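*Asks:* Numbering (my numbering), first residue to last: 6 to 509. Note that beta-carbon positions come from the ideal geometry of N, C-alpha and C, so glycine has one too. Owing to the predicted nature of the structure, the values given are computational and were not obtained by experimental measurement.
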RNA sequence: GGCCCCGUAGCUCAGUGGAUAGAGCAACGGACUUCGAAUCCGUGUGCGGAGGUUCGAUCCCUCCCGGGGCCA
């Protein structure tokens, strides 16, 4: 059962002594509980008997209008106006902090994301990483955690050498190496001369800022790798064939891993060596929790990081690896393999030019991380008109319009004795928000937020269509309701990284 | 061969133990002298298959079929 921890509901639930959920159909009450069904086996009593007791308890409560048993032992509740008033006041009082601040204990959390090597502009594939990771970060922050975002990259490895060589070759008027990088951006970098890497990084940062992802810090693999020698004694290692191996299989990984290559291979540390140093660095910097956001092709590294944490005596719970499935590009019904080296990728900037930042971010977090995404390049622009993000934004803009025309949102207001169905539905919807946020935090999956936002907009539009706000008898109450709706929509959009416009 | 993810409406997807499984898109038909029609209302014989656990399974477990991915 989905928890619904809005305080107005929590109080009611506590008074009743049973968890409440919102039934699928309003015929089953404003809220319902299946507690009797769940308690029946352990109490060895018929569920309807327990349900009968709950009904009597419920009917003795002030906020409950009536209660009844249904089906095998559900208890359905109908609430009076006073409860709706409480709920509305709670949202207005909380304002921008509504549905948040529940983290206990509040932690210092690092979310490391994107982390693409600067061999080219940010692609749509990395954009999913960013959209997902940043939304998780936003949700964690709303919950009350202190969150920092970090970008990790390698400026020294073989790929980087190939990238530099490609730019240099083009600068000399030659073809890039066989397996080098090509594409318009390589030519542009070649034209200006100098080390292309810092300029590539600047461009990446600009793309991501435009995508509304701000990085607090940037970590360099080459700098971290230098600190390996001081850490080596703490590791459980052995030598084989001249290479140094981490005995990671003893700590939960599938295999042991080479961390320093054999002399014949150059005797250099592998990227896994840098992984180790980086992990220690994160935890020693004071983060209670280090979250890695990685594409599903890295699923093997989940066990690796946990093994490293154990080997070094850290609680592996402090290290989380969030995986998301990859983005496929479809063009003319054909799936294309993307390759940055071939230069046939879709860059984030181009994607944004086509469909806009709002639609792009919405689209990329809308689907759960476990779902592979197909992006039809040809239809990307057309998707703009069809994207529900505009439906939700329109509701927000419409509310802003009403509030512009209103004298002011009243400090105090009375609730009508009899609420209209649309008013009740809307308030009940708004009360769900804290539960949606909490679930997003627990699952490390913000995909429910866009879907919930559509429901809110839906309920609002229906309410709007049926009832006047201004110059109605219940104007004060309805202004409060509309303002509360705006708070929830704005918060919801912000957690996804989408703007809440005053006008459209 | 081992591991990870996914099979839900024509299409893209929500739904991680509850009652009659939902939305967007697409299609058709209605609603603007009124706070924004980028809106609202109506129209839908779908959970890949077989077992199991449970009062109750799209959801949990096992096996099979199909798609994607990683490692070897």
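Could you give the residue range of the beta strand (DSSP E) that holds residue 222?
*Replies:* Taking the first residue of the first chain as position 1, residue 222 is located at position 217. Residues 222 to 225.
*Asks:* Roughly how far, in whole angstroms, is the beta-carbon of residue 427 from the beta-carbon of residue 467, given that I think they are within contact range, below 8 angstroms?
*Replies:* The sequence position of residue 427 within the first chain is 422, counting from 1. The sequence position of residue 467 within the first chain is 462, counting from 1. Sure, about 5 angstroms apart at Cβ, within 8 angstroms.
*Asks:* Closer than 6 angstroms by C-beta to residue 508: which residues in its own chain qualify, once you throw out the five before and the five after it? Chain order, please.
*Replies:* Counting from one through the first chain, the residue named residue 508 turns up at place 503. 402, listed in sequence order.
*Asks:* Determine the extent of the alpha helix (DSSP H) in which residue 199 is found, giving its start and end residues.
*Replies:* Residue mapping note: residue 199 aligns to position 194 of the first chain, counting from 1. Counting along the chain, residue 199 falls outside any alpha helix (DSSP H), and DSSP gives it neither H nor E.
*Asks:* To the nearest angstrom, report how far apart residue 343 and residue 333 are at their CA atoms.
*Replies:* Walking along the first chain from the start, residue 343 turns up at place 338. Walking along the first chain from the start, residue 333 turns up at place 328. With a pLDDT of 47 at residue 343, under the threshold of 50, the predicted position of this residue should be treated as unreliable, though the coordinate-derived value follows. Distance between the alpha carbons of residue 343 and residue 333: 8 angstroms.
*Asks:* Quick one: residues in its chain with C-beta nearer than 6 angstroms to the C-beta of residue 405, no 5 flanking neighbours on either side, listed in chain order?
*Replies:* On the first chain, residue 405 is found 400 positions in, with the first residue counted as 1. Only 507 meet the Cβ criterion.
*Asks:* When we look at the beta-carbon of residue 199 and count the other beta-carbons within 10 Å, is it buried (16 or more) or exposed?
*Replies:* What you label residue 199 is simply residue 194 of the first chain in a count that begins at 1. Answer is exposed; the Cβ neighbour count stays below 16.
*Asks:* What whole-angstrom Cβ distance do residue 120 and residue 157 have, given they're in contact under 8 angstroms?
*Replies:* Numbered from 1 along the first chain, position 115 holds the residue referred to as residue 120. Numbered from 1 along the first chain, position 152 holds the residue referred to as residue 157. With 8 angstroms as the limit, residue 120 and residue 157 qualify as a contact, their Cβ atoms being about 4 angstroms apart.
*Asks:* Does the distance from the C-beta atom of residue 82 to that of residue 37 stay below 8 angstroms?
*Replies:* Looking up residue 82 in the first chain gives position 77. Looking up residue 37 in the first chain gives position 32. Yes; because the gap between Cβ atoms is below 8 angstroms, this pair is in contact.
*Asks:* Only counting runs of 4 or more residues, tell me where the alpha helix (DSSP H) segments fall wholly within the region 225 to 296, in order along the chain.
*Replies:* 226 to 230, 233 to 236 and 276 to 289
*Asks:* In the DSSP output, what is residue 69 paired with across the bridge?
*Replies:* In the first chain, residue 69 corresponds to position 64, counting from 1. Beta-bridge analysis with DSSP links residue 69 to 84.
*Asks:* Hey, how far is the Cα of residue 389 from the Cα of residue 26?
*Replies:* Taking the first residue of the first chain as position 1, residue 389 is located at position 384. Taking the first residue of the first chain as position 1, residue 26 is located at position 21. Cα to Cα, the separation comes out at about 35 angstroms.
*Asks:* Taking just the CA atoms, how far does residue 351 sit from residue 284?
*Replies:* Working through the first chain from its first residue, we reach residue 284 at position 279. Working through the first chain from its first residue, we reach residue 351 at position 346. The straight-line gap from Cα to Cα measures roughly 31 angstroms.
*Asks:* By the three-class DSSP mapping on this structure, what secondary structure does residue 342 have?
*Replies:* The residue given as residue 342 occupies position 337 in the first chain. Low confidence applies here, because residue 342 scores a pLDDT of 47, under 50, leaving its location unreliable and the question unanswered by this model.
*Asks:* With DSSP as the reference, please indicate the residues paired to residue 329 in a beta bridge.
*Replies:* To locate residue 329, count along the first chain from 1; it is residue 324. Residue pairing for residue 329: DSSP places it in a beta bridge opposite 300.
*Asks:* Would you kindly report the start and end of the unbroken beta strand (DSSP E) that includes residue 53?
*Replies:* As a first step, residue 53 must be located in the first chain, where it is residue number 48. Here residue 53 belongs to no beta strand (DSSP E); instead the alpha helix (DSSP H) covers 52 to 64.
*Asks:* Applying the 10 Å Cβ sphere with the 16-neighbour rule, what's the burial state of residue 6?
*Replies:* As a working mapping, residue 6 is identified with position 1 in the first chain. With a pLDDT of only 35 at residue 6, under 50, the local geometry of the prediction cannot be trusted, and the value read off the model is given with reservation. Exposed: under 16 other Cβ atoms inside 10 Å.
*Asks:* Taking the alpha carbon of residue 201 as the reference point, which residue from 180, 357, 161 and 117 has its own alpha carbon closest?
*Replies:* As a position in the first chain, residue 201 is number 196, starting the count at 1. Comparing Cα-Cα distances from residue 201 to each of 180, 357, 161 and 117, the minimum goes to 161.
*Asks:* Does residue 511 come out as helix, strand or coil in the three-state DSSP assignment?
*Replies:* Nothing in the structure corresponds to residue 511, since the chain is present only between 6 and 509.
*Asks:* In terms of residue numbering, what span does the beta strand (DSSP E) encompassing residue 117 cover?
*Replies:* Looking up residue 117 in the first chain gives position 112. Note, residue 117: beta strand (DSSP E), 113 to 117.
*Asks:* Looking at the structure shown, is residue 351 part of a helix, part of a strand, or coil, going by DSSP?
*Replies:* The sequence position of residue 351 within the first chain is 346, counting from 1. Note: residue 351 maps to coil in three-state DSSP.
*Asks:* Would the beta-carbon of residue 374 fall within 8 angstroms of that of residue 327?
*Replies:* Reading the first chain from its first residue, position 369 is the one you call residue 374. Reading the first chain from its first residue, position 322 is the one you call residue 327. Residue 374 is a Cβ neighbour of residue 327, given a cutoff of 8 angstroms.
*Asks:* Kindly indicate the opening and closing residues of the beta strand (DSSP E) around residue 379.
*Replies:* Residue mapping note: residue 379 aligns to position 374 of the first chain, counting from 1. Residues 378 to 381.
*Asks:* Starting from the C-beta of residue 127, find all residues in its chain whose C-beta is less than 6 angstroms away, skip the five residues before and the five after it, and write them out in chain order.
*Replies:* By 1-based counting over the first chain, the position of residue 127 is 122. Correct list, in chain order: 209, 212 and 353.
*Asks:* Please determine, among 74, 229, 483 and 203, the residue with the shortest C-alpha to C-alpha distance to residue 276.
*Replies:* Stepping through the first chain from its first residue, residue 276 is reached at position 271. Measuring from the Cα of residue 276, the nearest candidate turns out to be 229.
*Asks:* Report the CB separation of residue 369 from residue 133 in whole angstroms; it is logged as a contact under 8 angstroms.
*Replies:* Position 364 of the first chain holds residue 369. Position 128 of the first chain holds residue 133. That belief holds up - the Cβ atoms of residue 369 and residue 133 are roughly 5 angstroms apart, short of 8 angstroms.
*Asks:* Expressed to the nearest angstrom, what Euclidean distance is found between the alpha-carbon atoms of residue 234 and residue 249?
*Replies:* By 1-based counting over the first chain, the position of residue 234 is 229. By 1-based counting over the first chain, the position of residue 249 is 244. Straight-line Cα distance between these residues: approximately 12 angstroms.
*Asks:* Could you tell me if the beta carbon of residue 78 falls within a distance shorter than 7 angstroms of some heavy atom in the ligand FMN?
*Replies:* Because no ligand of any kind appears in the structure shown, any question about the ligand FMN cannot be addressed here.
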